[in-house]
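The structure appears right after this line, and notes come after that.
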Amino acid sequence: MKIAFLGHNNFSDYFKIGGFESLTRRLAFYLSSRGHFVDYFIYNAESAKEMEVFPNLKLKYFQSFEDCSDALFQSYDHIFKIWLNRRERIRYILFSKRIHYLTKARCHSIILNWSDSIFKQKLILLEAMMSSHDGRIICVSPRQYRKIKTWSKRAYFLYPPVPDEYFLKPEEKSKNEKIKVAFLGMITPDKYIEEIIELFKDLRRDPRFDCIIHAIHDSRNKRSFEIHQWLSRQKEVKYIQEDIQKYSPEGEKKVISLLRETDIFIQPFRRLVNTLDTPLLLLEAMASLCAVVTTPTGSVPGIYGKSPFIISRDHFLEEARILLKNITYQRILKERERIFKRNGELNFALSSMGPALDELLR
């Protein structure tokens, strides 16, 4: 089959770092490895160009949405809409209807994030229904799917896949002399980074712990840049600035190695507006059998399962201090066993995506 992914350069480029991009990249890689021909159609690029990643996986860049959509008028069996600018969404609704009528391509919509507002949820659904012709509305979190399936029979659930290299069995996970606690990700207040810094400063006094922050900062965001500058100057908290500008297999191996060595992974959320509605790092940490200190935001508690490591959003710092100061390695080992069982129930390994994707493409 011939398959196309369509999206804006800021959230859809094969080589960009982020949850949106990782989801699409893994789906595209898997589909191409199964013998399908996959093309990325990316608009808002600096210049028009084309490149081949693998023999049957190509990237096609365009400066405008019009040029991008015109080039899509080829014989594709499936077109997956990833993320579009607001002004292009109405254009795409008209375009998808036309291309389906002329080429019989099945048009699918991937719902990447979600809103707590009922009004905005209905807008998301309306747009997806109007642009999914003979296709599916693909939900990436349980809460999306529960809601959308009550409104549309085209709802389809698919966990963001995690490569098999991340997955460990309990006996394969290293046992460290000290309890290794890590934060990995973008410096942003939405991820409680200031509270995490205070927590790590407290734990520094406890010889049982080895805490570290691996982070990327956004120089365009004033608060993110300020926190990065402070972390770079201080000596109380271990801080490694990750300068990952684009995806590479080597960069992915570094993340896998870091998570394998981590006992407790810190990933709380105030909200999930700016990330995948099922956060990929949550699934990757679970695959690596990290005990994840997180918050009951969106579908997170339903995915991670019942655990004392899920703590209140309103009292995160206070409750995280109590949890970690009373933790034992035996409790961590018990949590690993629980997560290993949970991973088997959720079945989100990339190699397990075959039946789900085959059904989607029928």
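Numbering of the sequence shown is given in our numbering, commencing with residue 39 and proceeding in unit increments. No residue lacks a Cβ here, since even glycine has one placed at the ideal position from N, Cα and C.
Open item on the list: Strictly by DSSP, which residues pair up with Glu-274?
Closed with: Glu-274 pairs with nothing; no bridge assigned.
TODO: Could you check what DSSP says for Val-293 in three-state terms: helix, strand or coil?
DONE: helix
Task: Rounded straight-line distance, which links the Cα of Ile-176 to that of Tyr-194 - done: 5 Å
Task: Gly-223 - DSSP class collapsed to helix/strand/coil - done: strand
Task: Contact the stretch 40-59 vs the stretch 120-135: 3+ CB pairs below 8 Å - done: yes
- [ ] Use the C-beta contact count for Val-178: other C-beta atoms within 10 angstroms, 16 or more gives buried, fewer gives exposed.
- [x] buried
Task: Top-ranked residue by Cα proximity to Lys-372, from Arg-258, Phe-347, Phe-49, Glu-383 - done: Phe-347
Task: Ranges of the beta strand (DSSP E) found wholly within the stretch 97-158, counting only runs of at least 3 - done: 116-119, 144-149
Open item on the list: What does the alpha-carbon distance come out to for the pair Phe-43 and Lys-291?
Closed with: 25 Å
Task: Residue range of the alpha helix (DSSP H) that includes Val-338 - done: 338-342
- [ ] Measure the alpha-carbon distance for Lys-40 versus Gln-101 and round it to whole angstroms.
- [x] 23 Å
- [ ] Please classify His-445: is it buried, with 16 or more other beta-carbons within 10 angstroms of its beta-carbon, or exposed?
- [x] As displayed, the chain neither begins before 39 nor continues past 400, which places residue 445 out of reach and without an answer.
Task: Helix, strand or coil at Glu-88 [DSSP, three-state] - done: strand
Task: Sequence ranges, alpha helix (DSSP H) only - wholly within the stretch 226-266, length at least 4 - done: 231-241
Open item on the list: I'd like the list of long-range same chain contacts for Arg-242, defined as Cβ closer than 8 Å, with 5 residues on each side in sequence excluded.
Closed with: Cys-249, Glu-274, Val-275
Task: Among Lys-87, Ile-265, Lys-344, the one whose alpha carbon lies nearest that of Ile-251 - done: Ile-265
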